[in-house]
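For the sequence shown, numbering that gives the first Met the number 0 assigns the number 0 to the initial residue and increments by one for each residue that follows.
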Amino acid sequence: MKQNHLHALPIAGAFVAESTPRGDARGSFMRLFCADDFAEAHGARQIVQINWSHTVLPGTVRGLHFQQGEAADAKWVRCLEGRVWDVIVDLRPDSATFMQWQAVELAAENGKAVFIPEGCAHGFQCLEPDSRLLYLHTAFYNPAAERGVAFNDPQLAIAWPREVTLLSERDQALPSVQTWLDGTAG
Numbered sequence: 000m001k002q003n004h005l006h007a008l009p010i011a012g013a014f015v016a017e018s019t020p021r022g023d024a025r026g027s028f029m030r031l032f033c034a035d036d037f038a039e040a041h042g043a044r045q046i047v048q049i050n051w052s053h054t055v056l057p058g059t060v061r062g063l064h065f066q067q068g069e070a071a072d073a074k075w076v077r078c079l080e081g082r083v084w085d086v087i088v089d090l091r092p093d094s095a096t097f098m099q100w101q102a103v104e105l106a107a108e109n110g111k112a113v114f115i116p117e118g119c120a121h122g123f124q125c126l127e128p129d130s131r132l133l134y135l136h137t138a139f140y141n142p143a144a145e146r147g148v149a150f151n152d153p154q155l156a157i158a159w160p161r162e163v164t165l166l167s168e169r170d171q172a173l174p175s176v177q178t179w180l181d182g183t184a185g
């Protein structure tokens, strides 16, 4: 029986998966990931790496990150604890949704996960203390292919739900989308 229901998001190739916990007097059970659901969203690519993040303070933003070239990866992201505002930005110049963004609230209680296609940047803002995310990737982490764009790029105009209170030095230095595009054009 299928436990994850996929719904297309406005970003081309992006999906939200909704899972419903099944419970009884003992507690509950919920499927976090199913290869068949992933294949429905992305085809035959396999998960090769699983990562976990812990974000302590609400208002913190991580992102917007992606890998490019042969290391480009799709991601399946789920919140295991807490609550985040998860953002996908389409950076594929040939996509009908190029330069558009979409946000989905992920929470341990809402059973949602997002599928982020290759060529899209990903980031999130922590909404509750001690939020933990699980990331499933179709490519290995490759520092040489790692890229990012500024979370506050006016060209994207992402409407973050809270004041951004913490950002890594690395993320503070990320370029605008236009600067990144200008650097990849040659």
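The C-beta atom is built at its ideal place from N, Cα and C for all residues, glycine as well.
(message) Assuming contact is defined by CB atoms lying nearer than 8 angstroms, are R82 and E117 in contact in what I supplied?
(response) Within the sequence shown, numbered from 1, the residue matching residue 82 stands at position 83. Within the sequence shown, numbered from 1, the residue matching residue 117 stands at position 118. For R82 and E117, no; Cβs fall outside 8 angstroms.
(message) With DSSP as the reference, identify every bridge partner of D23, one or two as the case may be.
(response) The residue you call residue 23 lines up with position 24 of the sequence shown. G26.
(request) Pull up the distance between the alpha-carbon of F97 and that of V60, whole angstroms please. (result) Position 98 of the sequence shown, counted from the start, is the residue given in the question as residue 97. Position 61 of the sequence shown, counted from the start, is the residue given in the question as residue 60. Between F97 and V60, the C-alpha separation is close to 22 angstroms.
(message) Out of N50, E80, R21, W75, which one is the CA nearest neighbour of I87?
(response) Residue 87 sits at position 88 when you count from the first residue of the sequence shown. Answer by Cα proximity: W75.
(message) Run through the DSSP bridge pairs and tell me what G147 is partnered with.
(response) Position 148 of the sequence shown holds residue 147. Partner(s): H64.
(request) Identify which residue in F150, L180, A11 has its Cα closest to the Cα of L173. (result) Residue numbering aside, residue 173 sits at position 174 when the sequence shown is read from its first letter. Checked all of F150, L180, A11; the closest Cα to L173 is F150.
(request) Quick one: grab the DSSP three-state call for Q171. (result) Taking the first residue of the sequence shown as 1, we reach residue 171 at position 172. Note: Q171 maps to helix in three-state DSSP.
(request) Using only alpha-carbon positions, find the residue among P160, A71, L135 that is nearest to C33. (result) The count along the sequence shown starts at 1 and reaches residue 33 at position 34. Nearest of P160, A71, L135 to C33, Cα basis: L135.
(request) Classify I10 as buried or exposed, calling it buried when 16 or more other Cβ atoms lie within 10 Å of its own Cβ. (result) Looking up residue 10 in the sequence shown gives position 11. Label assigned to I10: buried.
(request) Grab me the residues of S130's own chain with a C-beta within less than 7 angstroms of its C-beta, minus the 5 sequence neighbours each way, in chain order. (result) Residue numbering aside, residue 130 sits at position 131 when the sequence shown is read from its first letter. Counting only Cβ-Cβ distances below 7 angstroms, and skipping sequence neighbours, we find T54, C78, E80, G81, R82, V83.
(message) List, from N- to C-terminal side, the beta strand (DSSP E) runs of 3 residues or more that fit wholly inside the segment 46 to 92.
(response) 48 to 54, 60 to 66, 74 to 80, 82 to 89
(request) Would you please state the rounded distance, in angstroms, between the beta carbons of F123 and D85? I believe it to be under 8 angstroms. (result) Residue 123 sits at position 124 when you count from the first residue of the sequence shown. Residue 85 sits at position 86 when you count from the first residue of the sequence shown. That pair is a contact at about 5 angstroms.
(request) Return the chain-ordered list of same chain residues with a C-beta closer than 7 angstroms to the C-beta of R72, the five sequence neighbours on each side being excluded. (result) Within the sequence shown, numbered from 1, the residue matching residue 72 stands at position 73. Before going further, note that residue 72 is Asp rather than Arg in the sequence given. Around D72: Q66, E117, H136, T137, A138.
(message) Cutting at 6 angstroms between CB atoms, please list the residues of its own chain near A106, excluding the five before and the five after it.
(response) Stepping through the sequence shown from its first residue, residue 106 is reached at position 107. Counting only Cβ-Cβ distances below 6 angstroms, and skipping sequence neighbours, we find C78, R82.
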